[in-house]
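In what follows, a structure is listed as structure tokens, so that the remarks can point back to it.
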Amino acid sequence: MEFWVNYTDMTPEEIYNFAYRFKKAEKDKHHAPPEGERALYDVALSLLPDNARATLFFTAAAGFKRECNCYHFLHLDEAEQHEDEVKNRLFHLCRSYKEDIPIHQDSDYDMVYTPSSGDYWAGCTEGLVNVVYDANHKDENGYLHRTKPAHLQKDYYFMYLLLLNQKFSAVEYIDQISLLFDSKSSALEKLNQRIVRLKTVFSFNVISDDKVFQNVYSKMYDILKIKQLLEDIVDNESQMEMLQNADAVKAGKRSDKFLFGLSLLSLFSALIDASSFFDRWPQIRQHATTIAIVCVCGVVALTLARLFRRS
Numbered sequence: 000m001e002f003w004v005n006y007t008d009m010t011p012e013e014i015y016n017f018a019y020r021f022k023k024a025e026k027d028k029h030h031a032p033p034e035g036e037r038a039l040y041d042v043a044l045s046l047l048p049d050n051a052r053a054t055l056f057f058t059a060a061a062g063f064k065r066e067c068n069c070y071h072f073l074h075l076d077e078a079e080q081h082e083d084e085v086k087n088r089l090f091h092l093c094r095s096y097k098e099d100i101p102i103h104q105d106s107d108y109d110m111v112y113t114p115s116s117g118d119y120w121a122g123c124t125e126g127l128v129n130v131v132y133d134a135n136h137k138d139e140n141g142y143l144h145r146t147k148p149a150h151l152q153k154d155y156y157f158m159y160l161l162l163l164n165q166k167f168s169a170v171e172y173i174d175q176i177s178l179l180f181d182s183k184s185s186a187l188e189k190l191n192q193r194i195v196r197l198k199t200v201f202s203f204n205v206i207s208d209d210k211v212f213q214n215v216y217s218k219m220y221d222i223l224k225i226k227q228l229l230e231d232i233v234d235n236e237s238q239m240e241m242l243q244n245a246d247a248v249k250a251g252k253r254s255d256k257f258l259f260g261l262s263l264l265s266l267f268s269a270l271i272d273a274s275s276f277f278d279r280w281p282q283i284r285q286h287a288t289t290i291a292i293v294c295v296c297g298v299v300a301l302t303l304a305r306l307f308r309r310s
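Residues 0 to 310 (numbering that gives the first Met the number 0) are what the sequence shown spells out, left to right.
As structure tokens, this is what we get:
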């Protein structure tokens with residue numbers, strides 16, 4: 000579910016504060032919406048069809064963790080005078096932090112990328128932002144005023160959705176594997192088919208020859224830990240396969256015991272049939288029962304020898 004926001008003439012500080020409130024889709028009881036207004040979470044719930052299988056914020060273990068991933072792109076009218084101020088704005092926007100929240104810029108879960116002068120990218124686990132400015136204040140700058148916005152709204156936006164799809168799909172499949180721990184093999188097989196589809200159709204390390212696309216994608220791929228999530232899926236699949244094989248071995252042993260019991264019953268039936276068969280021969284009629292017992296015991300001995308050899 001997507002919500003698009005136009006910042007119009009808001010200052011960067013106003014955008015920080017707005018994004019902070021927007022990201023927190025559901026407010027607690029102490030910060031309820033004003034009279035006649037609704038929280039973003041309630042609006043999103045009302046937009047879901049009644050028969051929808053989707054769950055909003057399915058990874059949120061608690062209400063306060065229901066937060067929107069934000070993708071910001073800003074075109075500033077004038078350049079920042081200090082590099083530190085640029086980074087400060089980037090980190091506030093990519094995490095959708097309000098103005099008074101302190102920022103530590105040495106995290107392994109943040110990235111800053113500057114492909115050219117006046118073009119800044121920043122990303123983290125919570126969002127992605129691009130900030131550009133027109134150094135010459137030229138309205139006729141076709142790239143910044145027409146080409147770049149179109150790329151941001153279409154190509155880069157789809158790239159970010161592709162990253163989020165890989166991340167959240169992997170998290171969902173890991174959760175489903177744990178829930179299907181004691182399920183039938185058919186349910187696990189269906190889940191495995193979906194996982195294979197994710198890994199072969201929707202998961203990529205390289206998406207473009209363009210340096211900006213590929214750099215932003217690769218850096219966000221690392222920050223979102225998509226490779227590790229996919230490896231976790233493979234590990235979980237291997238563990239589930241090992242457990243299934245162990246269950247199959249146990250089931251095989253139970254079947255062997257059951258068949259052995261049936262074989263013993265069949266042997267008793269064979270004893271009766273053999274006795275009646277040997278009774279037809281006058282020469283051995285008086286020893287018919289003994290001969291039948293010897294034959295049955297020989298079959299039992301061979302059967303037991305094979306069973307012990309298998310085990």
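We treat Cβ as the ideally placed atom computed from N, Cα and C, and that holds for glycine.
Residue burial annotation: Y142 is exposed, with fewer than 16 other C-beta atoms found within 10 angstroms of its C-beta.
In the DSSP assignment, C69 falls within the unbroken beta strand (DSSP E) covering 69-75.
In this chain, the alpha helix (DSSP H) harbouring Y156 covers 156-178. The Cβ atoms of K26 and A38 sit closer than 8 Å to each other. Under the DSSP assignment, Y96 falls outside any alpha helix (DSSP H); it carries neither an H nor an E label. Residue range 39-46 is occupied by the alpha helix (DSSP H) that includes L44. For M158, the closest alpha carbon among the candidates Y112, R193, S207, A53 is that of S207. Residue nearest to H150 within the set F167, S115, N129 is N129 (criterion: CA-CA distance). By the CB criterion at 8 Å, M219 and L162 fall inside the cutoff.
The Cβ atoms of R196 and Y172 lie no closer than 8 Å to each other.
A straight-line Cα-Cα distance of about 30 Å links K153 and I232.
The alpha carbon of R65 has as its nearest neighbour, out of A43, L228, D174, the alpha carbon of A43.
Classified as exposed, I292 has fewer than 16 neighbouring CB atoms from the shown chains inside 10 Å of its CB.
Around the Cβ of H144, a 10 Å sphere holds fewer than 16 other Cβ atoms; the residue is exposed.
Take A186, set aside five residues on each side of it, and the residues of its chain with a beta-carbon closer than 6 Å to its own are L179, in chain order. Between the C-alpha atoms of E125 and D8 there is a straight-line separation of about 25 Å. When rounded, the separation of the alpha-carbon atoms in S217 and D174 is 25 Å.
For W120 against V205, the beta-carbon gap comes to about 18 Å, at or over 8 Å, which does not count as contact. If you draw a straight line from the Cα of I176 to the Cα of L229, it comes to about 13 Å. In this structure K97 does not touch N191 by the C-beta definition: roughly 44 Å separates them, more than the 8 Å allowed.
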